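Going by our numbering, the sequence shown opens with residue 282, and the numbers climb by one from there. Idealized CB from N, CA, C, for every residue including glycine. Being a predicted model, the structure only gives us computed values, none of them experimental.
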Amino acid sequence: MTRHRVLGTGEGIPWHLPRDQQHFRQQTDGKVLVLGRRTFEEMDGWFTNQLPIVLTHQSDYKVANGLRADTLPSALALAEARGAHELMVCGGGQVYESALPIATHLILTIIEATIEGKVCFPPFRDDGRWHRTHHESFEADAENTHAMTFEWWQQSAPVVTDRCDPHRHLDT
Ligand SMILES: NC(=O)c1ccc[n+]([C@@H]2O[C@H](COP(=O)([O-])OP(=O)(O)OC[C@H]3O[C@@H](n4cnc5c(N)ncnc54)[C@H](OP(=O)(O)O)[C@@H]3O)[C@@H](O)[C@H]2O)c1
Numbered sequence: 282m283t284r285h286r287v288l289g290t291g292e293g294i295p296w297h298l299p300r301d302q303q304h305f306r307q308q309t310d311g312k313v314l315v316l317g318r319r320t321f322e323e324m325d326g327w328f329t330n331q332l333p334i335v336l337t338h339q340s341d342y343k344v345a346n347g348l349r350a351d352t353l354p355s356a357l358a359l360a361e362a363r364g365a366h367e368l369m370v371c372g373g374g375q376v377y378e379s380a381l382p383i384a385t386h387l388i389l390t391i392i393e394a395t396i397e398g399k400v401c402f403p404p405f406r407d408d409g410r411w412h413r414t415h416h417e418s419f420e421a422d423a424e425n426t427h428a429m430t431f432e433w434w435q436q437s438a439p440v441v442t443d444r445c446d447p448h449r450h451l452d453t
């Protein structure tokens with residue numbers, strides 16, 4: 282996302298940053314992911330070594346080489362049933378908003394660009410629950426047209442509900 286939390290235009294991601302794509306592949310390699318139906322359809326064919334769980338209210342939605350869930354707790358239960366120790370939330374805006382209160386960790390890429398967009402990551406920096414543990418910055422170069430920073434954050438007190446306890450599912 283940009284510093285102003287823009288994730289996309291609504292039709293796609295308005296930047297091409299191979300360094301960030303490689304980072305995303307490395308971080309998600311071998312993992313179980315959960316994505317909103319719109320994000321999944323944009324990324325169709327991208328998943329080579331990941332198991333995508335697609336959130337949708339459409340009961341007849343078919344996911345080739347993946348799974349469907351109609352709620353976030355169902356997605357957590359599916360991941361746990363497959364022996365996963367964590368479920369990585371990969372957007373879009375709607376799904377990030379639902380998952381942020383129960384998330385334990387964030388891996389963010391902050392892109393140094395001013396871009397208008399309809400889809401945003403939810404606000405989180407000022408609520409005191411999240412703290413940044415480390416980061417790594419890169420200048421723009423011939424392949425990557427914007428400077429970027431990879432950031433790792435942890436939430437001190439993720440919300441636990443009777444239907445959704447992140448500590449049951451995630452390594453902390
Ligand atoms: N910059 C980035 O790193 C990044 C990452 C991911 C996505 N994006 C961008 O984000 C955009 C999409 O974001 P978005 O917010 O419009 O859509 P989204 O979150 O990808 O998908 C929304 C859809 O997911 C389903 N859904 C969401 N929450 C649900 C829930 N709690 N239970 C059941 N189903 C649920 C619904 O599908 P149904 O309508 O089928 O019920 C909903 O219409 C894309 O254009 C993409 O480019 C950017």
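Write down every uninterrupted run of the beta strand (DSSP E) in the segment 374 to 425 whose length is 3 residues or greater and which is fully enclosed by it, in chain order. The segment 374 to 425 contains, as complete beta strand (DSSP E) runs of 3+ residues, the segments 386 to 392 and 411 to 419 (chain order).
Report yes if the CB atom of valine 440 is closer than 8 Å to the CB atom of proline 382, and no otherwise. Counting from 1 along the sequence shown, the entry for residue 440 is found at position 159. Counting from 1 along the sequence shown, the entry for residue 382 is found at position 101. For valine 440 and proline 382, yes; Cβs fall inside 8 Å.
Is it the case that the CB of threonine 426 approaches a heavy atom of ligand 1 more closely than 7 Å? On the sequence shown, residue 426 is found 145 positions in, with the first residue counted as 1. False, no ligand heavy atom lies under 7 Å from that Cβ.
Return the chain-ordered list of same chain residues with a C-beta closer than 7 Å to the C-beta of glycine 293, the five sequence neighbours on each side being excluded. Within the sequence shown, residue 293 is the residue found at index 12, counting from 1. So the list reads Glu323, once near-sequence residues are dropped.
CA-CA distance, proline 299 and asparagine 425? Translated into the one-based positions of the sequence shown, residue 299 becomes position 18. Translated into the one-based positions of the sequence shown, residue 425 becomes position 144. C-alpha separation (whole angstroms): 6 Å.
Report back the beta-carbon spacing between leucine 348 and alanine 380 to the nearest angstrom; my notes put them in contact at under 8 Å. To locate residue 348, count along the sequence shown from 1; it is residue 67. To locate residue 380, count along the sequence shown from 1; it is residue 99. That belief does not hold up - the Cβ atoms of leucine 348 and alanine 380 are roughly 16 Å apart, past 8 Å.
What do you reckon, is the C-beta of glutamate 292 under 7 Å from a heavy atom of ligand 1? Counted from its first residue, the sequence shown places residue 292 at position 11. Yes, Cβ of glutamate 292 sits closer than 7 Å to a heavy atom of ligand 1.
Can you tell which of Phe402, His297 and Thr395 has the C-alpha that lies nearest to the C-alpha of isoleucine 388? Here residue 388 is taken as the residue at index 107 of the sequence shown, counted from 1. Closest by alpha carbon: Phe402.
Using CA coordinates, which residue listed in Ala345, Lys399 and Gln436 is at the minimum distance from arginine 406? Position 125 of the sequence shown, counted from the start, is the residue given in the question as residue 406. Measuring C-alpha to C-alpha distances from arginine 406 to each of Ala345, Lys399 and Gln436 identifies Gln436 as the nearest.
So, for threonine 309: in the same chain, excluding its five sequence neighbours on each side, which residues have a beta-carbon less than 8 Å away from its beta-carbon? In the sequence shown, the residue the question calls residue 309 occupies position 28. Residues Gln331, Met369 and Cys371 of the same chain have their beta carbon placed closer than 8 Å to that of threonine 309, with the five preceding and five following residues left out of the count.
With burial defined as no fewer than 16 other Cβ atoms inside 10 Å of the residue's Cβ, what is the status of proline 404: buried or exposed? Here residue 404 refers to the residue found at position 123 of the sequence shown. The residue in question, proline 404, is exposed, as its Cβ has fewer than 16 Cβ neighbours within 10 Å.
Can you tell me whether histidine 427 is buried or exposed, with buried defined as 16 or more other CB within 10 angstroms of its CB? As a position in the sequence shown, residue 427 is number 146, starting the count at 1. In summary, histidine 427 is buried, with 16 or more beta-carbon neighbours lying within 10 Å of its beta-carbon over all protein chains present.
What is the DSSP secondary structure of phenylalanine 431, reduced to helix, strand or coil? Mapped onto the sequence shown, residue 431 falls at position 150. In this structure, phenylalanine 431 counts as strand in the three-state DSSP scheme.
Please confirm whether any heavy atom of ligand 1 lies closer than 7 Å to the CB of glutamate 361. Your numbering for residue 361 matches position 80 in the sequence shown. Because no heavy atom of ligand 1 lies under 7 Å away, the Cβ of glutamate 361 does not count as near it: no.
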